[in-house]
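Going line by line, the protein sequences match chains S, R and U.
Residue 15 is where the first sequence starts when you use the numbering used here, and the numbers rise one by one after that.
Residue 244 is where the second sequence starts when you use the numbering used here, and the numbers rise one by one after that.
Residue 37 is where the third sequence starts when you use the numbering used here, and the numbers rise one by one after that.
Quick reminder that beta carbons are idealized off the backbone N, C-alpha and C, glycines included.
For clarity, every value in this text was computed on a predicted model and none was experimentally measured.
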Amino acid sequence: MSLDPATVRRIAKLARIRIEESQLPQLERELNGILGWIEQLNEVNVEGVEPLTGGAQMALKLRDDVVTDGGISEQVLANAPDRVGDFYTVPKVVE
Amino acid sequence: MSYVIEGSTGPWEVVIGLEVHAQVISNAKLFSGAATAFGAEPNSQVSFVDAAFPGMLPVVNRECIAQAVRTGLGLRAHINLVSRFDRKNYFYPDLPAGYQISQYAQPIVGAGVIEIELADGSTRSIGVTRLHVEQDAGKSLHDQHPTKSYIDLNRSGVGLMEIVSEPDLRSPEEAGATIRKLRSIMRYLGTCDGNMEEGSLRADVNVSVRRPGEAYRTRCEVKNLNSVRFVMQAIEAEATRQVGVWESGGVVEQETRLFDSARGQTRSMRSKEEAHDYRYFPDPDLLPLVLDEAWVEELREKLPELPDDKRARFVREYGLTAYDAGVLVAERATADYFEQVAQGRDAKQAANWVTGDLFAMLHRSGRTIEDSPVTAAALGRLLDLVADGTINGRIAKDVFDAMVETAEAPDAIVERRGLRQVTDTAAIDAAVARVLAANPDKLAEYRSGKQKIYGFFVGQVMREMKGKGNPTLVNEALKRRL
Amino acid sequence: MFSLTLAGTRAALRAREFSARELATAYLAAIEALNPRLNAFVTITPELALRQAEAADAALARGEAGHLTGIPLAIKDLFCTAGVRTTAGSRILAPFVPPYESTVTSHLLRDGAVFLGKANLDEFAMGSSNMTSAFGPVTNPWTRRGSNARLVPGGSSGGSAAAVAARLALGATATDTGGSIRQPASFCGIAGIKPTYGRCSRWGIVAFASSLDQAGPLARTVEDCAILLTSMAGHDEKDSTSADRPVPDFAAACARSVKGLRIGVPTEYRSDGMSPEIEALWQRGLEWLREAGAEIVDVSLPHTKYGLATYYIVDPAEASSNLARYDGVRFGARTEGADLTDMYENTRAAGFGAEVTRRVLIGTYVLSAGYYDAYYLRAQKIRALILRDFTEVFRKVDALLTPTAPTAAFMQGERMDDPVTMYLNDVFTVPANMSGIPGLSVPAGLDGDGLPLGLQVLGKPFDEETVFAVGAALERAAGFSALPGIRAGMEQ
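Quick look at the structure:
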């Protein structure tokens, strides 16, 4: 699988990271290098193998339905780069 | 008699699928211990997990899972004992982690069915494809500031059930009926309060059109409809739009749209222009959800009676018509009220009073049955007073009005206002005699054949007796004298 | 004072040979003197450390010494520490002050430890050299014989390892996702263990690759690591992947005999290009264990060679999702933009370094529509095969012995041209993360340049005790006593 500039741009958009045009060639090279190296995995026969999901082979524990958290708006807002009153803010979105 | 949109080239069928998002009734959120109550101060019901701070991890709330299972059982659906949480990745300010924890590949509930009744009395079975649990997003406010949108994460992480229907619906009415029925089932089960104005129940509709007999054409999604009325209007508006596109030689593009209720039209959602690539993958912070079969059975056993079963039982046990029973079971509180009134009494009478006078009064005063000034016990007592002849039906209505106004017990009102029914035949006979004597010309008319004047005499006698005459005895007396 | 191990210092404190305050003061002075050269610490916390040391002295005076009372530690800057800046080695978190304490560090605080500061690391724990930190690279306190060239300490826990090796801390917390504890331990001549996945809680640790990340200690000796791990480990309800198992007495396990244990040697770990020195050290390690009464068995882990490539699909995929929350809205640095998308793109471009950007993009790609089956799903299946290999092998043996890294520490700036070259550092360590099993690196010898080389012990899930026993036996036999040129207590 080889990436072309358009694909790199599309992925960068999905990942919300700005990539300058000047960075594209090197990035494309590096990413293709990594992906090319990963191609070796196609050799492996995975017929009938169940994928491993997660590193822990245990039962999922469930919590009781009790309110144990929240009511900490100051702490939750303290690190916000642009806070107005009790709200986080972002540049205005038009839907 | 199916629903069609009449285009310039002929009729078009509408194909509709529903995606309903129902907020789970629970104390705490799906993956965090913050509270879920509506209307709190902004960002006051937010834990670090809900705000996706570095290093935070989700822990599943058992009650949210139980609510999803109960709803699935209420939809007669298959419960998947093993299900999985997946991440749905996209960027939006009300989605703090940049992904929503949902269920994609293996939902907790599989195929089920919703039975709906339409206005013409027909019924249909609407297929449910699946139900899964997922996190709700926070709220963005776009009108508080000229250049900024405000973000409140109180709702972020509240448990949602997403219920997807098969594309079995063919009209706005069917869609409306399906949402109403689903809402009723969840209210019965106590799994969602179905309050569309507050946003605890939201519907997205997938709409496409086709000429009768054709295969499916491209569909569009209309999102965030927060009333049944808007759902129905949006379907019609969107279907009409699509017919217009096809008939003018265009092609309907798959897209997401919003309903502008003021204009009665749908419009494209600008922020969703790009096709979303959600990159679903199993959430590595959670393990597969494995339900104990015995636990599911326990939930099943403890389920309250569902609306359809209750309606059937009302018809069977109380001899009500399907229609009356249907009206009474629409809300569980109403059904419970009715049953309390009907216990040991004439069920038909009870049904008439509840669906008639009680409903009218509640509607007039803008109240719900939960805060009715006349309790089921009090109404039952009123019916007893009619049944044992203490008062007649006409007087009972006056007593009811007085009960609404003063919250007094019916017995007290009857005594205080001297409303006891008169059963003294001598007194009745005397009243009849007085009325007939006072209206000789009407009497003559009646005796010459005008049967209809009988009603006039009844009315006059009742007035004479201040409404308290026993109707049966009044009729007997009148017939004797006429 | 600096020549004492953690265990030795603990005993000395309890015997009141010196106070916790004296100890903390000495370590802080050493940091002040040497950190400018090594850059092992991103943030130094002298006031906090002295306050904690004073509380420790009060507890010691009352006779209420806890498991780690008064012991000065470095905390990898990936662990959220309440009220103390936590950067993850990234510009995007440079201003972040967590209002909560990670579970692992809260255990250490509960047991009376003293926090000297936050240790440097590769940005978001992505790297094997500590060259990608936004706060500058870390320098290995070891140098090649006759050379002044700066070497890497390994990564991503390079700061933690350098601090311990240079005796700027008695121990350090670290995390290991693909070898980030074990490889730096090997490069810096110290011990380090990645416990079984689920042994330590991940709550409050900046997430990188959720199914692989695991916290663990770095310290001078195997016993020191065992003491620290005892404190760090334990079930946490707030982490759904945390194992509900009691924490054994790991330190006691270090004294266990290895007589009768079967030690596996995986054939596939022997590669054609393996350096003769490492091959020789490996053989020596096997000999030491034989002499201690263990039986050496040849075993096969057929899917070994696919471990790295599999890792470099799973790790970026999970990371791309875990790092989506760094968007300038609720915490961290923000760069403004004309609209929302602009703001996100600017913030993340300014905040993420090159390696992080590469991994997020690879991860986004392998999860994207049309590629999920070919990459991520396939990788998770191969991962299942890797686990199966280990499960089969552990029916026959109790532990495995392998080298920790293919080379000794390399120069700063080396291996940076091609990302894949850097990734190859992890070839021996990655399988333990993919399968979740515990792995310990023990300093075993020096190479021709006088640089430390480590040997790795791999064990069964939740059998860290056997791993510690074998590791301690190796340590005793190796008698590794060399010290780096740059360290506290040395006149420089």
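Please list the terminal residues of the continuous beta strand (DSSP E) segment that includes residue i.
{"i": "residue 253 of chain R", "result": "253-266"}
{"i": "residue 368 of chain R", "result": "366-378"}
{"i": "residue 477 of chain U", "result": "475-482"}
{"i": "residue 463 of chain R", "result": "463-468"}
{"i": "residue 345 of chain R", "result": "342-345"}
{"i": "residue 208 of chain U", "result": "207-211"}
{"i": "residue 46 of chain S", "result": "Unbroken run through residue 46 of chain S is the alpha helix (DSSP H), 38-52; no beta strand (DSSP E)."}
{"i": "residue 150 of chain U", "result": "150-155"}
Once the 5 residues before and after residue i are set aside, which same chain residues still bring their CB inside 7 Å of it?
{"i": "residue 581 of chain R", "result": "571, 593, 594 and 597"}
{"i": "residue 169 of chain U", "result": "125, 156, 157, 158 and 159"}
{"i": "residue 64 of chain U", "result": "82, 85 and 152"}
{"i": "residue 678 of chain R", "result": "700, 703, 704 and 707"}
Residue i and residue j: beta carbons closer than 8 Å?
{"i": "residue 90 of chain S", "j": "residue 270 of chain R", "result": "no"}
{"i": "residue 435 of chain U", "j": "residue 332 of chain U", "result": "no"}
{"i": "residue 157 of chain U", "j": "residue 125 of chain U", "result": "yes"}
{"i": "residue 223 of chain U", "j": "residue 514 of chain U", "result": "no"}
{"i": "residue 374 of chain R", "j": "residue 320 of chain R", "result": "yes"}
{"i": "residue 250 of chain U", "j": "residue 209 of chain U", "result": "no"}
{"i": "residue 397 of chain R", "j": "residue 285 of chain R", "result": "yes"}
{"i": "residue 23 of chain U", "j": "residue 181 of chain U", "result": "Residue 23 of chain U is absent from the structure shown; chain U starts at 37 and stops at 528."}
{"i": "residue 422 of chain U", "j": "residue 339 of chain U", "result": "yes"}
{"i": "residue 430 of chain R", "j": "residue 574 of chain R", "result": "yes"}
{"i": "residue 260 of chain U", "j": "residue 227 of chain U", "result": "yes"}
{"i": "residue 411 of chain R", "j": "residue 370 of chain R", "result": "yes"}
{"i": "residue 292 of chain R", "j": "residue 299 of chain R", "result": "yes"}
{"i": "residue 351 of chain U", "j": "residue 245 of chain U", "result": "yes"}
Within the same chain, show all residues whose beta-carbon is closer than 8 Å to that of residue i, passing over the 5 residues directly before and after it, in chain order.
{"i": "residue 334 of chain U", "result": "300, 301 and 303"}
{"i": "residue 515 of chain R", "result": "No answer about residue 515 of chain R holds up, because its pLDDT of 49 lies below 50 and its placement is not dependable."}
{"i": "residue 41 of chain S", "result": "22 and 33"}
{"i": "residue 253 of chain R", "result": "454"}
{"i": "residue 412 of chain U", "result": "349, 350, 353, 402 and 403"}
{"i": "residue 632 of chain R", "result": "664, 666 and 713"}
Start and end of the alpha helix (DSSP H) containing residue i?
{"i": "residue 509 of chain R", "result": "Not the alpha helix (DSSP H): residue 509 of chain R falls in the beta strand (DSSP E), residues 508-511."}
{"i": "residue 605 of chain R", "result": "602-608"}
{"i": "residue 623 of chain R", "result": "619-630"}
{"i": "residue 218 of chain U", "result": "218-224"}
{"i": "residue 356 of chain U", "result": "343-358"}
{"i": "residue 212 of chain R", "result": "Residue 212 of chain R is absent from the model: chain R starts at 244 and stops at 725."}
{"i": "residue 267 of chain U", "result": "258-268"}
{"i": "residue 441 of chain U", "result": "Segment: none, residue 441 of chain U is in no alpha helix (DSSP H) and carries neither H nor E."}
Return the residue from the list the options that minimises the CA-CA distance to residue i.
{"i": "residue 475 of chain U", "options": "U/127, U/112, U/231 and U/41", "result": "U/231"}
{"i": "residue 121 of chain U", "options": "U/496, U/88 and U/367", "result": "U/367"}
{"i": "residue 651 of chain R", "options": "R/385, R/676 and R/616", "result": "R/616"}
{"i": "residue 486 of chain R", "options": "R/454, R/467 and R/297", "result": "R/454"}
{"i": "residue 474 of chain R", "options": "R/261, R/256 and R/707", "result": "R/261"}
{"i": "residue 470 of chain R", "options": "R/442, R/407 and R/408", "result": "R/442"}
{"i": "residue 278 of chain U", "options": "U/135, U/254, U/236 and U/247", "result": "U/236"}
{"i": "residue 130 of chain U", "options": "U/71, U/389 and U/139", "result": "U/389"}
{"i": "residue 178 of chain U", "options": "U/248, U/483 and U/343", "result": "U/483"}
{"i": "residue 357 of chain R", "options": "R/384, R/403 and R/422", "result": "R/422"}
Leaving out the 5 sequence neighbours to the left and right, which residues in its chain are closer than 6 Å to residue i when beta-carbon positions are compared?
{"i": "residue 528 of chain U", "result": "The predicted position of residue 528 of chain U is uncertain, since its pLDDT is 47 and thus under 50; no value can be drawn from it."}
{"i": "residue 495 of chain R", "result": "461, 485 and 488"}
{"i": "residue 185 of chain U", "result": "447"}
message: So if I threshold CB-CB distances at 9 Å, which residues from the stretch 379-401 of chain R count as touching chain U?
response: Contact annotation: in the stretch 379-401 of chain R, residues whose CB is within less than 9 Å of a CB in chain U are 392, 394 and 396.
message: Closer than 8 Å between beta carbons: that is the criterion. Which residues of the stretch 445-456 of chain U meet it against chain S?
response: From the stretch 445-456 of chain U, only 454, 455 and 456 have a Cβ closer than 8 Å to chain S.
query: For the stretch 176-187 of chain U, which residues have a beta carbon sitting closer than 8 Å to at least one beta carbon of chain S?
result: Listed in sequence order: no entries.
query: Going along the chain, which residues of the stretch 33-66 of chain S sit with their C-beta nearer than 8 Å to a C-beta in chain R?
result: For chain R, none of the residues of the stretch 33-66 of chain S brings a beta carbon within less than 8 Å of one of its beta carbons.
- request: With 8 Å as the C-beta to C-beta threshold (strictly closer), list the residues of the stretch 298-327 of chain R near chain S in chain order.
  value: Flagged, chain order: 302, 303, 304, 305, 306, 307, 308 and 327.
- prompt: the stretch 336-366 of chain U: which residues have C-beta closer than 7 Å to a C-beta of chain R, in chain order?
  reply: From the stretch 336-366 of chain U, only 353, 354, 357, 360, 361, 363, 365 and 366 have a Cβ closer than 7 Å to chain R.
message: If the cut-off is 8 Å on Cβ atoms, which residues from the stretch 255-286 of chain U count as contacting chain R, listed in chain order?
response: Contact residues of the stretch 255-286 of chain U toward chain R are 273, 274, 275, 276 and 277 (C-beta to C-beta distance below 8 Å).
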